[in-house]
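Taking numbering that gives the first Met the number 0, the leading residue of the sequence shown gets 0, the next gets one more, and so forth. Here a beta-carbon is modelled for each residue, glycine too, at the ideal position from N, C-alpha and C. Bear in mind that the values here come from a model prediction, so they are computed numbers and not experimental data.
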Amino acid sequence: MTERLRVENLYKVFSKSPDPALRMLAAGAKKADVLAKTGMVVGLNDVSLSVPSGAIYMVMGLSGSGKSTLARCINRLNEPSAGRILLDGRDIVAAGEAELRDIRRKRISMVFQHFALLPNRTVAENTEFGLKLQGVSPQARRRRAEEVLSIVGLARWGNHYPHELSGGMRQRVGLARALATDADVLIMDEAFSALDPLIRTEMQDELLRLQRTLKKTILFITHDFQEALKLGTRIAIMADGELVREGTPQSIVLEPGSDYVAAFTREVDRSRLFDARWAMTPVQPVPLAAGLCLAETGDGGGLVLDDGGHVVGALDSETLRGLRETSGRGIGSLGALRKDFVTVRECDSLLDAARAHRAGRPMAVVDEEGRLTGTLAADRILAGIAAAPSHPAGGLHA
Ligand SMILES: Nc1ncnc2c1ncn2[C@@H]1O[C@H](COP(=O)(O)OP(=O)(O)OP(=O)(O)O)[C@@H](O)[C@H]1O
Ligand SMILES: [Mg+2]
């Protein structure tokens, strides 16, 4: 995937003359050292990260760890003290006034925790606000507002006022406003944190659904690790202004790397986080008879595949042994094949796999085209769900 946004060695010290603090940080000092010695607050300490185009990139950490400072540096609501922020290769930190205005209006949109809607403007007027700043004509603005309001499920609410809306609906307006300008980067700072748990879950699902077609590059700030796991293609974890861990949700749960990160991962529901592909044993089919291949299931039996790699049936160990003794003759009619095998997709969660499991029946794992890629035994499902930090062989590649 191409890189949309790149942060390089970014520092933020809240001071008009940050140089002494920056020198200390460069020499390895921590946020607390700098505060004790100079009285200056460190917001960011040497943060580097790379956000691929189309990713939902989660920035997660405890309160005060620097998440909002990072978000605010990216569109320079906070002025970075040192470092570079590259948007499609152009350094935002070096941008002049005019370019910066252009970036804020057209390239990067923000969605805030408390919606920041104008109370005496209608939903439609709030939605088209950014377009007005861009000088778009009233008719075109209104058309676009109606379009994005319908995308976020508020088609008939344009003429209402924010106080007539629930919190969830207000946040939909916030999202619509960010989408209206067609900026390709969205920064969402705790966008769902003020919502009731049920509405919050609904908005998360909605964002995932929208993102499948919108394919924006989203930097999503949260202090909720579950939210980070659910939404994130990658997660960056911050502590005291530093980025302490970065990776896919699965890789972070498997290898937290520090007690600070491990503490977040303890309560994670692995049965939903890990998929069948991760726990399966990959198959290596071998020719069985004309037009047919055999993939062993590890229990003495096997799955029989056609030319296209699709499972046509299963053989128990006894039948398979018999067939081997006759070099495959006798399979001709396929009458010996059992049809009671279970199929799951690679992308199905281990929870789904556990639910699909039936004692004594082999489980086939298939790719998007329905071709067999692996088998999944009950003990592998269990091991995956209970997963010790060192994962089963043949597992995740993150
Ligand atoms: N304008 C400011 N002036 C001085 N210090 C600031 C300013 N803004 C943030 N800070 C400090 O920078 C550090 C990081 O704050 P930031 O708001 O980025 O944290 P956060 O991770 O977003 O926290 P939260 O989860 O509470 O929103 C904190 O120590 C904070 O006190
Ligand atoms: Mg914050």
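Beta bridge counterpart(s) of residue i as assigned by DSSP
i: Lys11; result: Leu43
i: Cys292; result: Pro286, Leu304
i: Asp56; result: Here the sequence assigns Tyr to residue 56, which means Asp is not the residue at that position. Answer is Leu218, Arg233, bridged to Tyr56.
i: Met109; result: Ile186
i: Ser136; result: Answer by DSSP bridge pairing: none, since Ser136 is not bridged.
i: Ala313; result: Leu302, Arg337
i: Arg143; result: DSSP output for Arg143 lists no bridge partner at all.
i: Val50; result: Leu4
i: Ser270; result: Per DSSP, none; premise fails for Ser270.
Residue i CB to nearest heavy atom of ligand 1 below 7 Å
i: Ser62; result: yes
i: Phe263; result: no
i: Thr68; result: yes
i: Phe13; result: yes
i: Val40; result: yes
i: Gly65; result: yes
Contacts around residue i, its chain only, beta-carbon distance under 7 Å, and the 5 residues preceding and following it disregarded
i: Arg176; result: Asn125, Thr126, Phe128, Gly129
i: Leu194; result: Gly166, Gly167, Gln170, Met202
i: Arg401; result: In this structure the chain extends from 0 to 397, so residue 401 is not present and cannot be described.
i: Asp366; result: Glu345, Thr372
i: Gly393; result: Because the pLDDT at Gly393 is just 39, under 50, the model does not fix this residue reliably, and the point stays unresolved.
i: Leu336; result: Val303, Val311, Gly312, Ala313, Leu314
i: Gly157; result: Thr121, Val122, Ala123, Ala144, Glu145, Leu148
i: Val33; result: Ala20, Met23, Leu24, Met39, Val41
heavy atom of ligand 2 below 7 Å from residue i C-beta
i: Glu241; result: no
i: Glu189; result: yes
Nearest candidate by alpha-carbon position, reference residue i, set the options
i: Pro19; options: Glu2, Ile186, Val40, Val6; result: Val40
i: Met187; options: Gly166, Ile107, Val135, Ala261; result: Ile107
i: Gln170; options: Val122, Ala363, Thr372, Glu7; result: Val122
i: Arg403; options: His113, Leu153, Leu185; result: With the chain covering only 0 through 397, there is no way to say anything about residue 403.
i: Thr68; options: Asn77, Leu61, Gly95, Gly60; result: Asn77
i: Pro118; options: Ile55, Met202, Pro248, Pro161; result: Pro161
i: Gly65; options: Pro79, Gln225, Glu241; result: Glu241
i: Ala182; options: Leu314, Arg3, Thr296, Ser47; result: Arg3
i: Ser80; options: Leu272, Ala25, Gly301; result: Ala25
i: Ala289; options: Gln283, Arg120, Asp305; result: Asp305
i: Val46; options: Ser270, Gly299, Tyr10; result: Tyr10
i: Ala93; options: Met109, Lys105, Arg75; result: Arg75
i: Leu322; options: Gly299, Leu153, Ser49, Ala31; result: Gly299
i: Val267; options: Leu287, Lys229, Val285, Glu245; result: Lys229
i: Ser16; options: Ala31, Ile380, Gly38; result: Gly38
i: Thr221; options: Leu34, Met57, Ser14, Ala28; result: Met57
i: Thr216; options: Glu145, Asp87, Asp204, Pro286; result: Asp87
i: Lys245; options: Arg71, Gly42, Met59; result: For the sequence presented, residue 245 should be read as Glu rather than Lys. The option with the nearest alpha carbon to Glu245 is Met59.
i: Gln225; options: Arg320, Phe263, Glu146; result: Phe263
i: Arg100; options: Arg370, Ile73, Pro51, Arg265; result: Ile73
i: Tyr227; options: Ser257, Leu153, Arg141, Glu189; result: The sequence given here has Ala at residue 227, not Tyr. Among Ser257, Leu153, Arg141, Glu189, the Cα nearest to that of Ala227 is on Glu189.
i: Val50; options: Gln283, Thr325, Leu218; result: Leu218
i: Phe13; options: Gly134, Leu43, Pro284; result: Leu43
i: Gln112; options: Glu146, Glu324, Ala70, Phe191; result: Phe191
i: Ser62; options: Arg370, Asp223, Ile251, Val33; result: Asp223
i: Lys338; options: Glu368, Leu153, Arg370, Gly301; result: Gly301
i: Ile150; options: Ser136, Gly173, Ala139, Ala35; result: Gly173
Spatial neighbours of residue i in its chain, beta-carbon cut-off 6 Å, leaving aside the 5 residues before and after
i: Leu291; result: Val303
i: Tyr259; result: Ala238
i: Thr232; result: Ala54, Ile55
i: Cys346; result: Asp274
i: Ala261; result: Pro255
i: Arg83; result: Glu7, Asp90, Val92
i: Arg5; result: Ser49, Leu85
i: Ser270; result: Leu349, Leu350, Ile384
Distance cut-off 7 Å: residue i Cβ against heavy atoms of ligand 3
i: His222; result: Ligands in the displayed structure: ligand 1 and ligand 2; ligand 3 is not one of them.
Same chain, Cβ closer than 8 Å to residue i, neighbours up to 5 away in sequence not counted
i: Val341; result: Ala355, His356, Arg357, Arg360, Pro361, Met362, Ala363
i: Val343; result: Ala275, Asp351, Ala352, Ala355, Met362, Ala363, Val364, Val365, Leu375
i: Leu132; result: Arg104
i: Pro391; result: Summary for Pro391: the model assigns pLDDT 39, below 50, so the residue's position carries little reliability, and this model does not support an answer.
Closer than 8 Å to chain B by CB, residue i
i: Ser136; result: In summary, chain B is missing from the structure at hand, where a single protein chain is found.
Given 8 Å, three or more beta-carbon pairs between the segment 195–213 and the segment 152–167: The segment 195–213, when compared against the segment 152–167, does touch it at the 8 Å Cβ threshold.
Please determine if the segment 270–279 and the segment 359–378 are in contact, where contact requires at least 3 C-beta pairs separated by less than 8 Å. The segment 270–279 makes contact with the segment 359–378, as at least three CB pairs between them are under 8 Å.
Inter-stretch contact (C-beta, 8 Å, three-pair minimum) for the segment 300–316 and the segment 228–242: No, they do not touch.
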